[in-house]
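Data block below; observations after.
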Amino acid sequence: NAGVTQTPKFQVLKTGQSMTLQCAQDMNHEYMSWYRQDPGMGLRLIHYSVGAGITDQGEVPNGYNVSRSTTEDFPLRLLSAAPSQTSVYFCASSYSSSGNTEAFFGQGTRLTVV
Amino acid sequence: AQTVTQSQPEMSVQEAETVTLSCTYDTSENNYYLFWYKQPPSRQMILVIRQEAYKQQNATENRFSVNFQKAAKSFSLKISDSQLGDTAMYFCAFMIPGTYKYIFGTGTRLKVLA
Numbered sequence: 121n122a123g124v125t126q127t128p129k130f131q132v133l134k135t136g137q138s139m140t141l142q143c144a145q146d147m148n149h150e151y152m153s154w155y156r157q158d159p160g161m162g163l164r165l166i167h168y169s170v171g172a173g174i175t176d177q178g179e180v181p182n183g184y185n186v187s188r189s190t191t192e193d194f195p196l197r198l199l200s201a202a203p204s205q206t207s208v209y210f211c212a213s214s215y216s217s218s219g220n221t222e223a224f225f226g227q228g229t230r231l232t233v234v
Numbered sequence: 015a016q017t018v019t020q021s022q023p024e025m026s027v028q029e030a031e032t033v034t035l036s037c038t039y040d041t042s043e044n045n046y047y048l049f050w051y052k053q054p055p056s057r058q059m060i061l062v063i064r065q066e067a068y069k070q071q072n073a074t075e076n077r078f079s080v081n082f083q084k085a086a087k088s089f090s091l092k093i094s095d096s097q098l099g100d101t102a103m104y105f106c107a108f109m110i111p112g113t114y115k116y117i118f119g120t121g122t123r124l125k126v127l128a
């Protein structure tokens with residue numbers, strides 16, 4: 121199993137450009153989420169999904185869109201990139217099971233907006 | 015709202031020594047999970063240890079153990095016999111069961127010295 125796969129690993133965007141960060145998991149997990157990691161701020165939740173067709177906002181959703189058309193994929197879209205969105209982005213997945221609460225993370229995408 | 019505080023931005027420890035990383039949290043919930051995640055320079059997030067709030071016994075995983083003080087809302091991580099491979103950023107995290115939304119602290123950067 122590949123686990124959680126994020127692409128790309130690195131990306132540079134110009135202000136105003138749009139792009140999609142891809143996230144795919146092959147573990148049949150129900151729950152998927154996106155976090156951003158900024159120095160001195162830890163990881164903050166952007167959006168999450170509890171299953172195909174269901175998404176909701178996290179702590180810092182502005183400027184980002186998500187959709188979940190399949191169990192496996194949970195892309196994150198930046199509609200008009202801003203320098204404030206320069207960050208490292210992590211996708212995570214997990215499943216509901218008694219006693220199991222571990223989140224499995226992708227390797228992250230380092231995004232720079234210039 | 016829940017919060018997680020890590021008051022030690024950076025720490026260092028000599029190889030083979032013991033180090034304790036601090037974490038405090040705030041919540042009005044009675045049932046929750048607490049985690050320590052390790053993030054080495056590779057950026058990968060790795061689960062180190064987890065604790066269920068309803069369990070009084072402190073969790074241990076090989077050289078890693080926690081001191082969970084529920085009344086004080088404290089969740090410290092002890093690393094025994096520190097190894098060079100323990101050099102990483104360590105994040106304390108909190109989750110309410112069923113939500114699968116993690117709340118992270120700001121992290122402690124640990125450096126193990128040879």
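Chain order of the listed sequences is A and B. When you read off a place in the first sequence, starting at 1, and then add 120, the result is the number in the numbering used here. When you read off a place in the second sequence, starting at 1, and then add 14, the result is the number in the numbering used here. Ideal placement from N, C-alpha and C gives every residue a C-beta, glycine not left out. Predicted model only: the values in this text are computed from it and were never measured.
query: For chain B, is any of its Cβ atoms less than 8 Å away from the one on Ser207 (chain A)?; result: no
query: Between the stretch 173 to 186 of chain A and the stretch 16 to 36 of chain B, do at least 3 Cβ pairs fall closer than 8 Å?; result: no
query: So what's Gln205 (chain A) in DSSP terms, helix, strand or just coil?; result: helix
query: Decide yes or no for the touch test of the stretch 128 to 142 of chain A against the stretch 225 to 232 of chain A: beta carbon pairs closer than 8 Å, at least 3 of them.; result: yes
query: Using a Cβ-Cβ distance under 8 Å, would Gly119 (chain B) count as near chain A?; result: yes
query: Tell me, which residues are paired with Leu91 (chain B) by DSSP?; result: B:Leu35 and B:Val80
query: So with Cβ pairs under 8 Å, would you call Tyr68 (chain B) a contact of chain A?; result: no
query: For Ala102 (chain B), count the other beta carbons within 10 Å of its own beta carbon; 16 or more makes it buried, fewer makes it exposed. Which is it?; result: buried
query: What residues in its chain sit with their C-beta under 6 Å from that of Thr32 (chain B), if we drop five residues either side in the sequence?; result: Ser94
query: What does Ala223 (chain A) touch in chain B if you count any residue whose Cβ is under 9 Å from its own?; result: Phe49, Tyr51, Met59, Leu61, Ala107, Met109, Tyr114 and Tyr116
query: I need the straight-line Cα distance from Leu127 (chain B) to Arg188 (chain A), nearest angstrom please.; result: 45 Å
query: Are the Cβ atoms of Arg113 (chain B) and Gly162 (chain A) separated by less than 8 Å?; result: Here residue 113 (chain B) is Thr; the residue named in the question, Arg, does not match the sequence. No, the Cβ-Cβ distance between Thr113 (chain B) and Gly162 (chain A) is not below 8 Å.
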